[in-house]
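Q: Chain order of the listed sequences is A and B. As numbered in our numbering, residues 1 to 447 make up the first sequence, in order. As numbered in our numbering, residues 448 to 894 make up the second sequence, in order. Backbone N, C-alpha and C define an ideal beta-carbon position, used for all residues, glycine too. The structure is given below, and queries will be raised subsequently.
There are 2 protein chains.
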Amino acid sequence: MEDTIAAIATPAGVGGLAVIRISGPKSSDIAQICTSQSASYEPHKATFTHFLDPRTNEQIDEVIITCFQAPKSFTAEDVVEISCHGGHYIAKRILQTTLDNGARLAEPGEFTKRAFLNGRIDLTQAEAVSDIIASQTETSHQTALQQLQGQLKEKVVQIRQDLIDTVSLLELELDFSEEEIDKTHYNEINEAISEIKSTCEQLVDSYKNGKIYRNGILAAIVGKPNAGKSSILNALLQEERALVSEVPGTTRDTIEESISHNGIEIRLVDTAGLRTSDDTIESMGISRAENVMKQADILLHVIDINEETDPEPFQENGAPVIPIYNKIDLAPDRAKESQYQGVFTSATELTGIAEIGDAVIEKVLGRHHNGAESSDTMVITSERHRKALQSAVESLEKALVSVENEMPSEFIVVDLRDALNSLGKLTGETTTDDILNNIFEKFCIGK
Amino acid sequence: MEDTIAAIATPAGVGGLAVIRISGPKSSDIAQICTSQSASYEPHKATFTHFLDPRTNEQIDEVIITCFQAPKSFTAEDVVEISCHGGHYIAKRILQTTLDNGARLAEPGEFTKRAFLNGRIDLTQAEAVSDIIASQTETSHQTALQQLQGQLKEKVVQIRQDLIDTVSLLELELDFSEEEIDKTHYNEINEAISEIKSTCEQLVDSYKNGKIYRNGILAAIVGKPNAGKSSILNALLQEERALVSEVPGTTRDTIEESISHNGIEIRLVDTAGLRTSDDTIESMGISRAENVMKQADILLHVIDINEETDPEPFQENGAPVIPIYNKIDLAPDRAKESQYQGVFTSATELTGIAEIGDAVIEKVLGRHHNGAESSDTMVITSERHRKALQSAVESLEKALVSVENEMPSEFIVVDLRDALNSLGKLTGETTTDDILNNIFEKFCIGK
Numbered sequence: 001m002e003d004t005i006a007a008i009a010t011p012a013g014v015g016g017l018a019v020i021r022i023s024g025p026k027s028s029d030i031a032q033i034c035t036s037q038s039a040s041y042e043p044h045k046a047t048f049t050h051f052l053d054p055r056t057n058e059q060i061d062e063v064i065i066t067c068f069q070a071p072k073s074f075t076a077e078d079v080v081e082i083s084c085h086g087g088h089y090i091a092k093r094i095l096q097t098t099l100d101n102g103a104r105l106a107e108p109g110e111f112t113k114r115a116f117l118n119g120r121i122d123l124t125q126a127e128a129v130s131d132i133i134a135s136q137t138e139t140s141h142q143t144a145l146q147q148l149q150g151q152l153k154e155k156v157v158q159i160r161q162d163l164i165d166t167v168s169l170l171e172l173e174l175d176f177s178e179e180e181i182d183k184t185h186y187n188e189i190n191e192a193i194s195e196i197k198s199t200c201e202q203l204v205d206s207y208k209n210g211k212i213y214r215n216g217i218l219a220a221i222v223g224k225p226n227a228g229k230s231s232i233l234n235a236l237l238q239e240e241r242a243l244v245s246e247v248p249g250t251t252r253d254t255i256e257e258s259i260s261h262n263g264i265e266i267r268l269v270d271t272a273g274l275r276t277s278d279d280t281i282e283s284m285g286i287s288r289a290e291n292v293m294k295q296a297d298i299l300l301h302v303i304d305i306n307e308e309t310d311p312e313p314f315q316e317n318g319a320p321v322i323p324i325y326n327k328i329d330l331a332p333d334r335a336k337e338s339q340y341q342g343v344f345t346s347a348t349e350l351t352g353i354a355e356i357g358d359a360v361i362e363k364v365l366g367r368h369h370n371g372a373e374s375s376d377t378m379v380i381t382s383e384r385h386r387k388a389l390q391s392a393v394e395s396l397e398k399a400l401v402s403v404e405n406e407m408p409s410e411f412i413v414v415d416l417r418d419a420l421n422s423l424g425k426l427t428g429e430t431t432t433d434d435i436l437n438n439i440f441e442k443f444c445i446g447k
Numbered sequence: 448m449e450d451t452i453a454a455i456a457t458p459a460g461v462g463g464l465a466v467i468r469i470s471g472p473k474s475s476d477i478a479q480i481c482t483s484q485s486a487s488y489e490p491h492k493a494t495f496t497h498f499l500d501p502r503t504n505e506q507i508d509e510v511i512i513t514c515f516q517a518p519k520s521f522t523a524e525d526v527v528e529i530s531c532h533g534g535h536y537i538a539k540r541i542l543q544t545t546l547d548n549g550a551r552l553a554e555p556g557e558f559t560k561r562a563f564l565n566g567r568i569d570l571t572q573a574e575a576v577s578d579i580i581a582s583q584t585e586t587s588h589q590t591a592l593q594q595l596q597g598q599l600k601e602k603v604v605q606i607r608q609d610l611i612d613t614v615s616l617l618e619l620e621l622d623f624s625e626e627e628i629d630k631t632h633y634n635e636i637n638e639a640i641s642e643i644k645s646t647c648e649q650l651v652d653s654y655k656n657g658k659i660y661r662n663g664i665l666a667a668i669v670g671k672p673n674a675g676k677s678s679i680l681n682a683l684l685q686e687e688r689a690l691v692s693e694v695p696g697t698t699r700d701t702i703e704e705s706i707s708h709n710g711i712e713i714r715l716v717d718t719a720g721l722r723t724s725d726d727t728i729e730s731m732g733i734s735r736a737e738n739v740m741k742q743a744d745i746l747l748h749v750i751d752i753n754e755e756t757d758p759e760p761f762q763e764n765g766a767p768v769i770p771i772y773n774k775i776d777l778a779p780d781r782a783k784e785s786q787y788q789g790v791f792t793s794a795t796e797l798t799g800i801a802e803i804g805d806a807v808i809e810k811v812l813g814r815h816h817n818g819a820e821s822s823d824t825m826v827i828t829s830e831r832h833r834k835a836l837q838s839a840v841e842s843l844e845k846a847l848v849s850v851e852n853e854m855p856s857e858f859i860v861v862d863l864r865d866a867l868n869s870l871g872k873l874t875g876e877t878t879t880d881d882i883l884n885n886i887f888e889k890f891c892i893g894k
């Protein structure tokens with residue numbers, strides 16, 4: 001029998017109210033003991049009462065208790081939620097009292113883990129709980145919500161069912177037929193596996209965008225000293241975040257801030273201007289800038305259009321580059337010259353700034369993105385899911401080779417079973433403690 | 448008719464769940480519209496549903512909705528609580544959707560203000576809501592909880608009732624009697640007013656302790672350079688908070704940290720060592736130290752017992768002083784010498800440290816305090832309450848002078864009415880918008 005866990009479910013800090021959550025067989029008892037109730041609480045009913053320390057009968061707070069009866073709860077176990085006044089002391093004190101009376105402190109993500117272990121949600125839905133809490137923009141939120149509601153799970157369940165059907169067909173032949181599989185049959189099986197493989201590949205490919213939906217676009221603002229990189233950052237943020245001066249080399253350390261553009265998070269990193277410098281701190285900043293450029297999804301190359309620089313921006317690493325021709329207010333006619341392909345901006349007059357966001361999203365997502373559009377497309381957002389699907393694709397490819405070579409059924413079945421196993425890891429039907437720990441240790445406590 | 452207000456009731460930040468609270472006549476409608484429900488929600492029932500943006504039908508989150516029907520709610524109005532996944536984006540998005548559908552953003556403390564204006568709680572209870580959230584220790588919490596549960600209110604209601612009885616008696620005589628009040632009667636009235644005055648005075652006096660229960664004790668750690676003040680602070684905090692070195696004058700700015708000792712908060716302020724210094728920054732620190740000493744409830748005068756200093760500590764301002772003879776490990780026998788009256792400590796060996804807390808509480812609260820004891824005593828914790836009660840005491844004193852001079856009833860009644868009015872301000876029966884604004888603007892939003 002599982003033990004009973006408890007944690008503060010609301011963020012730390014001072015607010016109007018805090019919620020302590022208890023899950024497990026002793027939840028109801030603890031709620032009764034700590035509120036001096038002889039009868040058990042009616043499920044799903046919010047009841048106003050006094051919470052007290054049963055050892056001393058000292059009142060701790062006026063609270064609202066809501067009990068949820070297994071399996072109709074977040075964890076599919078008996079759950080009690082205690083809503084108390086916000087503040088540092090009370091929530092901790094109430095939690096401590098539940099621990100003194102039979103609960104133990106929940107580990108990070110343990111409530112969600114129990115929901116998974118009790119079969120209420122699959123592993124992709126459990127992961128979505130964490131994503132949904134971390135989401136900062138409409139798109140990351142929508143993607144996580146779809147996953148929470150089981151869209152990915154259903155898709156994978158469907159793929160697995162198709163695979164199981166194919167395996168069954170092959171095994172049936174294995175059992176009842178002494179004859180070899182005929183040519184037409186091989187063609188049918190080839191077709192079935194190819195279709196499954198194609199569905200998996202589409203999902204693998206969706207990770208490119210899904211990753212962006214979930215984590216945003218990392219855009220490094222790079223360029224020569226005094227091109228106006230920090231001014232562009234400030235203009236994008238609509239605040240004076242970065243120190244700006246006319247002295248080249250003002251920005252030394254990298255500065256990272258996020259904006260949401262059409263529902264997509266763009267993580268902007270302002271970097272030190274690239275030049276050879278004798279200043280040690282500035283040199284360290286330039287080295288950091290070079291590191292950021294390696295990780296970036298896109299480079300915003302800021303160029304002072306009034307400087308006689310090569311209009312062709314550098315293209316050192318794989319990330320695509322958007323040239324930002326800045327200080328256009330000082331040379332308005334240059335924008336008409338055909339050698340300049342990029343965005344024309346004036347950070348001081350705030351012109352061309354929104355176009356930067358449009359250009360970033362178009363370049364990275366390959367089209368003009370808007371929030372609503374993305375919600376119709378099924379994407380995966382987790383490297384773990386991509387790996388599992390990729391591994392399934394590889395097994396399916398092996399199976400296809402066997403089919404093409406008209407190998408006996410058992411050879412094909414082995415690879416199809418591997419694919420099934422990979423997909424099972426994705427949804428958590430086959431999984432290990434390591435995988436689970438790795439997933440849930442990233443959760444916050446109380447979820 | 449009141450409008451409908453909404454706010455996020457849980458602290459900002461990332462957690463398992465967040466709660467958005469709506470109060471006012473439109474609450475139920477907003478809940479129905481935003482969850483596509485045709486029927487109204489059953490009161491006090493926690494219902495799992497999907498929250499959506501009614502303009503676009505876009506789903507925002509899976510939530511639990513609990514409706515509370517007027518007057519059985521926190522504000523005594525219709526209230527809806529929406530419990531959603533924690534995280535920056537969702538709670539804000541849900542709040543925005545309620546605002547788009549008929550609510551307006553609540554001001555700080557507006558939920559509690561409505562509970563007061565609707566007569567569910569009096570003003571002392573409303574203030575206790577804020578105190579209970581801010582409380583950091585058992586004693587501050589218990590004091591606030593008692594006040595929230597109406598102990599002060601009931602006490603003041605009783606005092607007012609006694610006053611009203613006396614006034615009625617006097618007014619009855621005014622109306623029906625042409626004769627002068629007789630001597631015996633003056634004595635009776637004198638006795639009644641004296642008793643009321645004495646009760647009020649006891650409450651005024653309780654503020655000395657009540658203030659400490661609520662705000663803690665401000666203890667300034669003072670003394671010569673290198674006496675070990677920062678080491679004492681670190682030992683009390685059980686961490687390396689303050690920079691410590693053998694160089695006199697290490698601490699320049701003041702450092703404030705809190706500990707809880709026997710349920711009482713002690714706010715420790717480490718100060719720069721007092722000496723004449725040519726260093727500008729150190730001199731500024733010393734000047735700050737002198738300011739802190741003026742505000743402190745108690746001074747912890749740290750003395751290196753191995754230095755040939757005057758064992759009698761300075762007593763410049765009104766605050767009591769506890770001599771802390773430090774570095775006793777280097778001179779263990781000195782503790783036996785009779786000229787040293789104070790606490791003997793070794794910050795390096797952590798001896799005598801708990802005794803500092805005991806000594807502080809005994810000196811400030813005038814006895815050996817423990818948490819449980821204080822909960823039986825009625826105390827006031829607010830300067831506003833002290834002023835109102837003090838003002839009542841002064842009116843009662845005037846009334847007593849009139850009684851002693853055997854003045855006509857109407858003279859006595861005028862002063863008794865003033866006292867009633869002062870007490871009415873305390874509980875909020877007679878109050879002004881200024882007083883209310885002043886109280887509720889200190890609340891957090893969502894309470």
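Does the beta-carbon of Asn504 (chain B) have 16 or more other beta-carbons within 10 angstroms, so that it is buried, or is it exposed?
A: exposed
Q: Quick one: residues in its chain with C-beta nearer than 8 Å to the C-beta of Leu350 (chain A), no 5 flanking neighbours on either side, listed in chain order?
A: Ala235
Q: Using 8 Å as the threshold, is the C-beta distance between Ile580 (chain B) and Val19 (chain A) below it?
A: no
Q: Run through the DSSP bridge pairs and tell me what Gly670 (chain B) is partnered with.
A: According to DSSP, Gly670 (chain B) bridges with B:Val749.
Q: Going by the beta-carbon positions, is the gap between Ile232 (chain A) and Ile324 (chain A) smaller than 8 Å?
A: yes
Q: Please confirm whether Pro779 (chain B) and Lys810 (chain B) have their CB atoms less than 8 Å apart.
A: no
Q: Rounded C-beta distance between Leu690 (chain B) and Thr697 (chain B)? I'm assuming under 8 Å.
A: Yes, they are in contact, since the Cβ atoms of Leu690 (chain B) and Thr697 (chain B) sit about 6 Å apart, within 8 Å.
Q: What in chain B is Cβ-close to Leu17 (chain A), meaning under 7 Å?
A: Ala456, Thr457 and Val466
Q: Would you mind working out which of B:Asp881, B:Phe887 and B:Glu876 sits nearest Asp569 (chain B), comparing C-alpha positions?
A: B:Glu876
Q: In terms of residue numbering, what span does the beta strand (DSSP E) encompassing Gln499 (chain A) cover?
A: Summary: the structure shown does not reach residue 499 (chain A), with chain A confined to residues 1 through 447, and so no result is reported for it.
Q: Could you check what DSSP says for Ala18 (chain A) in three-state terms: helix, strand or coil?
A: Three-state result, Ala18 (chain A): strand.
Q: For Thr280 (chain A), which beta-bridge partners are listed by DSSP?
A: Answer is none; Thr280 (chain A) lacks a bridge partner.
Q: Provide the residue(s) that pair with Asn326 (chain A) in DSSP beta bridges, ordered along the chain.
A: For Asn326 (chain A), which the question treats as bridged, DSSP gives the partners A:Asp304.
Q: Does the separation of the CB atoms of Val360 (chain A) and Ile221 (chain A) fall below 8 Å?
A: no
Q: Between Tyr536 (chain B) and chain A, is any beta-carbon pair separated by less than 8 Å?
A: yes
Q: Near Ala372 (chain A), what residues of its chain come up, given a Cβ to Cβ distance below 8 Å and the 5 sequence neighbours on each side ignored?
A: Because the pLDDT at Ala372 (chain A) is just 42, under 50, the model does not fix this residue reliably, and the value given afterwards should be weighed accordingly. Once the five neighbours on either side are set aside, Ala372 (chain A) has no close Cβ partner at all.
Q: Residues of chain A with a CB under 7 Å from the CB of Ser582 (chain B): which are they?
A: Gly87 and Tyr89
Q: Under the three-state reduction of DSSP, which class applies to Pro490 (chain B): helix, strand or coil?
A: strand
Q: Where does the unbroken beta strand (DSSP E) through Ala453 (chain B) begin, and where does it stop?
A: Ile452 to Ile455
Q: Would you mind telling me which residues of chain B sit closer than 8 Å to Ile132 (chain A), beta carbon to beta carbon, in chain order?
A: Asp508, His532, Gly534 and Ile537
Q: What's the C-alpha gap between Gln506 (chain B) and His185 (chain A)?
A: 45 Å
Q: Work out the CA separation of Ile775 (chain B) and Ser785 (chain B) for me, nearest whole Å.
A: 15 Å
Q: For the alpha helix (DSSP H) that contains Arg334 (chain A), what are its first and last residues?
A: Looking at the DSSP string, Arg334 (chain A) is not in any alpha helix (DSSP H), and its letter there is neither H nor E.
Q: To the nearest angstrom, how far is the alpha carbon of Val526 (chain B) from that of Ile477 (chain B)?
A: 11 Å
Q: Against chain A, does Lys889 (chain B) count as a neighbour if the rule is that its beta carbon must be under 8 Å from one of theirs?
A: no
Q: Within a Cβ cutoff of 7 Å, which residues of the same chain sit near Ile306 (chain A), ignoring the five residues on either side of it in sequence?
A: In the sequence on display, residue 306 (chain A) carries Asn and not Ile. Lys327, Leu330 and Ala331.
Q: For chain A, is any of its Cβ atoms less than 8 Å away from the one on Leu592 (chain B)?
A: yes
Q: Give the single residue among A:Glu406, A:Pro11, A:Ala106 and A:Asp100 whose Cα lies nearest to the Cα of Gly24 (chain A).
A: A:Ala106
Q: Along the chain, where does the alpha helix (DSSP H) containing Ile264 (chain A) start, and where does it finish?
A: For Ile264 (chain A), there is no enclosing alpha helix (DSSP H); the enclosing beta strand (DSSP E) covers residues Ile264 to Asp270.
Q: With 8 Å as the threshold, decide whether the Cβ of Ala493 (chain B) is near any Cβ in chain A.
A: yes
Q: Consult DSSP for Glu256 (chain A) and reduce its assignment to one of helix, strand or coil.
A: In this structure, Glu256 (chain A) counts as strand in the three-state DSSP scheme.
Q: Which residues in chain B have a C-beta closer than 7 Å to the C-beta of Gly13 (chain A)? List them in chain order.
A: Pro458, Ala459 and Gly460
Q: Rounded to the nearest angstrom, what separates Glu844 (chain B) and Leu619 (chain B) at their Cα positions?
A: 22 Å
Q: Nearest-angstrom Cα distance between Leu883 (chain B) and Thr646 (chain B)?
A: 26 Å
Q: Note down, in chain order, every chain D residue with its Cβ under 9 Å from the Cβ of Lys447 (chain A).
A: Checking the listed chains, one finds no chain D in this structure; the protein chains it contains are A and B.
Q: Pick helix, strand or coil for Arg417 (chain A), following the three-state DSSP scheme.
A: helix
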